[in-house]
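Residue numbers (our numbering): -11 to 287. A virtual CB, placed ideally from N, CA and C, is assigned to each residue, including glycine. Computed from a predicted structure; not experimentally measured.
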């Protein structure tokens, strides 16, 4: 049975079509589109008219793709932008009435659980680790050990929220970055209390971007964690934090959608590395989308 998962993120809509046979996941097709659902509205609790139009067009195209791939089930998962927008029901109703797609808006805790489920599919957590998933509206942290969640949190510190609150600058001054770092610290919760874990696992595309920047090559198409050299990560983060938009625009390893907000992403990564006293960093190609396939593992 083929299933499609559509992750309706604050910045990106991700479509994944796959199937699970005897606990083995096979990805059949994947595609992403920069919808920017939270742009010009997330900090006011709305989805703008322009973003709503982009979202409807994207879902319509994804539905046609699913039909062409003989998909039996389509699962829509709404995250931070849909959680916090007063008019998110408009998109949910459109998807159901016009496309027969049920969108379930999940809590931050459930989002963290699905991220952990996805990463756990390819990682056994023999040592304590922190999973970090950087999103446009929220960032999730999961403390895991032996495939169990020890604690989790979802914070409203997404890069799109911060980017818009600072007026969408092309580059950030040291003063602005100091304010962003203070914002991150002011908005953390008791998840961070006395927690020092040596291993950080990045489960979002932002960490894949760091891999591409360091190694000047595409992220490997492999179902395993990829380690990043810590010293080179820190050096790259420092460059990104104070880079200009022109410098990022001229770098082919940063996707178009990420170019404006990558300094904020880099500051989040650096902040987390220092908060948890991280010594090793890995990138997981599995995350929320793969976690949503977990219910099919016994098929």
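By the neighbour-count criterion, in which a residue is buried when 16 or more other Cβ atoms sit within 10 angstroms of its Cβ, residue 127 is buried. With a cutoff of 7 Å on beta-carbon distance, residue 119 and residue 192 are scored as not near each other.
Looking at 159, 221, 41 and 63, the one whose alpha-carbon comes closest to that of residue 2 is 63.
Cβ-Cβ distances below 6 Å link residue 225 to 254, 257 and 258 in the same chain, with the five nearest sequence neighbours on each side left out; the list follows chain order. Comparing C-alpha distances from residue 82 to each of 40, 96 and 106 shows the shortest one belongs to 40. Only residues of its own chain outside the window of five on either side were considered, and among them -9 have a CB closer than 6 Å to the CB of residue 61, listed in chain order. In terms of Cβ geometry, residue 125 and residue 106 do not form a close pair [threshold 7 Å]. Boundaries for residue 184: no alpha helix (DSSP H) harbours it, and the DSSP string shows neither H nor E there. Residue 29 places its beta carbon 7 Å or farther from that of residue 22. With 16 or more other CB atoms across the displayed protein chains lying within 10 angstroms of its CB, residue 185 is buried.
Going by C-alpha positions, residue 248 is about 6 Å away from residue 233. Counting of Cβ neighbours within 10 angstroms places residue 149 among the buried residues, the total reaching 16 or more.
Pairing residue 281 with residue 93 gives a Cβ-Cβ distance that is not under 7 Å. Assignment of beta strand (DSSP E) within the segment 115 to 161, counting only whole runs of 3 or more residues, yields 117 to 122, 127 to 133 and 136 to 143 in chain order.
Here DSSP, grouped into helix, strand and coil, assigns residue 253 to helix. Residue 113 has its alpha-carbon roughly 19 Å from the corresponding atom of residue 217. Taking the Cα of residue 178 as reference, the smallest distance to any Cα among 131, 56 and 33 is reached at 131. When the beta-carbon positions are compared, residue 277 and residue -7 come within less than 7 Å of each other. 229 is the residue among -11, 17, 129 and 229 whose C-alpha sits nearest the C-alpha of residue 168.
Taking 7 Å as the cut-off, the Cβ atoms of residue 48 and residue 20 do not count as close. Distance between residue 190 and residue 250, taken at the CA atoms: about 15 Å. In the DSSP assignment, residue -8 falls within the beta strand (DSSP E) that extends over -9 to -4. Listed in chain order, the non-local C-beta contacts of residue 72 below 8 Å within the same chain comprise 30, 33, 125 and 144, local neighbours out to five positions each way being set aside. Distance from the CA of residue 260 to the CA of residue 181, rounded to the nearest whole angstrom, comes to 13 Å. From the listed residues 212, 42, 88 and 142, the smallest Cα separation to residue 51 is found for 88.
Excluding the 5 residues flanking it on each side, residue 134 has same chain C-beta neighbours closer than 6 Å at 113, in chain order. For residue 22, the three-state secondary structure derived from DSSP is strand.
Here residue 69 has -2, 25, 26, 30 and 125 as same chain residues with Cβ atoms under 6 Å from its own Cβ, once five neighbours each way along the sequence are excluded. Secondary structure at residue 216: strand, using DSSP grouped into helix, strand and coil.
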